[in-house]
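What follows is one structure encoded as structure tokens, with my remarks underneath.
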Amino acid sequence: MAQECLLEEQTAELSCPVCLDLMTDPVTLECGHHCYASCLQQRWQDLLDIFPCPVCQHHCAHRKLHKNRQLSALVDMLKQLPSTRSREQQQEQEQLLCEQHQQVLSLFCEQDLQLVCVQCRVSCEQQGHPLTPVKEAAAQHRRKFKSHLQTLKKQLKDAKRGQEMQSKEITDFLKEVAKQEYELHREFQQFKQSLRISQKKIDKKLQSKERQAFKKITEIKSQVSLYGSALKSLLREFIMFCLQTDLDLLMNTRKLNLQIFKFKQLQVPATFSYQSDEVVPSLLPHYFGLHNMIKFQEDLTFDPETAHPFLTVRKGGKKATFSHERRNPKPRAFISLIAVLSCEGFDAGRHFWQIKLKGVSVWSLGVCKESFPRDAQLPLSPSNGCWQYQQPTCIQPGSQRIKIRVGIFLDYELGELSFYNMNQKCHLHTITDTFTDRLMPYFSVEPSSSSSVMRMIKDEC
398 MAQECLLEEQ TAELSCPVCL DLMTDPVTLE CGHHCYASCL QQRWQDLLDI
448 FPCPVCQHHC AHRKLHKNRQ LSALVDMLKQ LPSTRSREQQ QEQEQLLCEQ
498 HQQVLSLFCE QDLQLVCVQC RVSCEQQGHP LTPVKEAAAQ HRRKFKSHLQ
548 TLKKQLKDAK RGQEMQSKEI TDFLKEVAKQ EYELHREFQQ FKQSLRISQK
598 KIDKKLQSKE RQAFKKITEI KSQVSLYGSA LKSLLREFIM FCLQTDLDLL
648 MNTRKLNLQI FKFKQLQVPA TFSYQSDEVV PSLLPHYFGL HNMIKFQEDL
698 TFDPETAHPF LTVRKGGKKA TFSHERRNPK PRAFISLIAV LSCEGFDAGR
748 HFWQIKLKGV SVWSLGVCKE SFPRDAQLPL SPSNGCWQYQ QPTCIQPGSQ
798 RIKIRVGIFL DYELGELSFY NMNQKCHLHT ITDTFTDRLM PYFSVEPSSS
848 SSVMRMIKDE C
């Protein structure tokens, strides 16, 4: 039994990988695999440059084949063994007989796909069924079946590749789900932490207001009590004066006038009043939006070619300062507006950028078309190719260098341009339209001092 297994393994090793027969004329390829010479020549007959190995698909550089004489000798020795005789010899000894006529099944009916004997031949020919000798039919069908081998191998390879890709997609999907769960959990934790911090601040403010109100109420109650006591005392004295005789009343007139003067000097205590100053804020509707928008932030730079002559771009395009020293305007510079564009523009996608303003009385931010005129006094409107939001800066006396951070979010496909006060983390305004052209971030100011500055900033994600 062990010898038979060993012989089967040796027979498999010495068989051609193409026709599966013993290699009577074996050759060795560059990659080390062996093959039947005629099978390989037949496979390569239509190829010009690349000659693949039928086993590992290694690309051989040329058609030159090296005959393996040692392997050929082993094949000859193996053929001499009884258990490795050729298929033809085995078939000759193991010929099957027709069950009906007890004659050798020497023919093959191509119509019924059955072996038949010579006597069965008459019936098949009468029905017009084509008959082929067994050896010839076996060769034809062997070639036919072998022609499907490469297709099946390719399909198997494609199936394995598809299975691997499917497994990878499932793994990637599970990773993405886990990542989203982690991000969602992290955002909720941040949100809850923000709520806790806000709650503590609000509680502290409310407690402070409560203490102040209680102190004020106590003071007012004391004043009201003193005022009431004084009124009662005066009332008693006036009653006593009114009950006196004429002479006594006239003799005490000076004293009575003094009491009247005291009465007029009494001040009515202020009443307690409470005015809400919106200590308890509502939840910010753009809390999650702002947190996610920062992921789309762009690293913008001012374009000095578009800067108004009063604006000087410095710090690698990150800073634009106002100066009363007018420079010679450049061909693409703004003339009618103290404005500047960024070097970067957008024609698709979502984008977020931030600008810090200092020393400005009015700011106008947004986007405009590349073709927006720089030297004409046109309204800053969508019909003229400019989408902007303008707002004055509330400047307190003595605070000429107030700073404000503004965030702008552009969703090109959705057609939305939103503005946010990044100091207070609140939404300011949203413009809705349909965008079709390339849009350039637009920055314009009205300076309130000679040290007005615009600075590009970027938060860490």
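Note that the numbering used here has the sequence shown beginning at 398, numbered continuously upward. Where a beta carbon is used, it is the ideal one built from N, C-alpha and C, also for glycine. Since the model is a prediction, treat every value here as computed from it, not as a measurement.
Thr529 sits in a strand when the DSSP states are folded into three classes. By the Cβ rule, the stretch 646-666 does not count as touching the stretch 697-706, because fewer than three pairs are nearer than 8 Å.
Within the model, the alpha-carbon separation for Pro726 versus Lys715 is close to 20 Å. Taking each of Leu646, Glu810 and Leu762 in turn and checking the Cα distance to Trp784, the smallest one comes out for Leu762. In this structure, Val759 lies away from Leu807, with their beta-carbon atoms at least 8 Å apart. Closest in alpha carbon position to Leu775, among Phe731, Leu592 and Val424, is Phe731. Under the criterion of beta carbons closer than 8 Å, Pro414 and Cys432 qualify as touching, at roughly 6 Å. In this structure Phe707 is in contact with Ile735, their Cβ atoms being roughly 6 Å apart against a cut-off of 8 Å.
With 16 or more other Cβ atoms from the protein chains shown falling within 10 Å of its own Cβ, His748 counts as buried.
Along the stretch 522-589, the beta strand (DSSP E) occurs as fully enclosed runs of 3 or more residues at 528-530, listed in sequence order.
When the alpha-carbon of Leu528 is set against those of Glu496, Asp600, Gln511 and Arg540, the nearest one is in Gln511.
Positions of the alpha helix (DSSP H) runs, each at least 4 residues long and wholly inside the stretch 597-649, are given as 643-648 in order along the chain. The distance from the Cβ of Glu810 to that of Ala745 is about 7 Å, consistent with a contact at the 8 Å cut-off. Val513 is positioned such that its CB atom lies closer than 8 Å to that of Cys521. Cα atoms of Arg723 and Val737: separation of roughly 15 Å, rounded to the nearest angstrom.
For Arg747, the enclosing beta strand (DSSP E) stretches over residues Arg747 to Lys755. If only uninterrupted beta strand (DSSP E) runs of at least 3 residues are considered, those enclosed by the stretch 820-852 are 823-829 and 836-844. In this structure Pro728 is exposed. Its beta-carbon is surrounded by fewer than 16 other beta-carbon atoms within 10 angstroms. Proximity of the stretch 458-472 to the stretch 417-427 meets the contact definition, three or more beta-carbon pairs being nearer than 8 Å. Counted as a single uninterrupted DSSP element, the stretch harbouring Ser733 is not any alpha helix (DSSP H), since DSSP gives it neither H nor E.
Rounded to whole angstroms, the gap between the alpha carbons of Ser564 and Lys572 is 12 Å.
Residues Cys457 of the same chain have their beta carbon placed closer than 6 Å to that of Glu427, with the five preceding and five following residues left out of the count. Going by DSSP, Arg440 is part of the alpha helix (DSSP H) stretching over Ala434 to Trp441. In this structure, DSSP gives Val452 a state outside helix and strand, which the three-state scheme calls coil.
Taken through DSSP and simplified to helix, strand or coil, Asn689 comes out as helix. Its chain contains Ser739, Glu741, Trp750, Pro838 and Met853 as the residues whose beta carbon lies nearer than 7 Å to that of Leu697, once the 5 sequence neighbours on both sides are disregarded; these appear in chain order.
Between the alpha carbons of Arg771 and Cys823 lies a distance of about 32 Å. In the three-state scheme derived from DSSP, where H, G and I count as helix and E and B as strand, Pro423 is classed as strand. DSSP places Ile799 outside any beta strand (DSSP E), giving it a letter other than H or E.
Straight through space, the alpha carbons of Val519 and Glu561 are spaced by roughly 56 Å. Scanning its chain for C-beta atoms nearer than 7 Å, with the 5 sequence neighbours on each side dropped, one finds around Cys506 the residues Val513, Cys521, His526 and Leu528, in chain order. Annotation: the continuous beta strand (DSSP E) that includes Leu708 extends over Leu708 to Arg711.
In the structure shown, Gly763 falls within a strand segment according to DSSP collapsed to helix, strand and coil. Residues of the same chain with a CB within less than 8 Å of the CB of Thr668, apart from the 5 flanking positions on each side, are Ile617 in chain order.
Around Cys639, the same chain offers no residue with a beta carbon nearer than 7 Å, after the five sequence neighbours per side are excluded.
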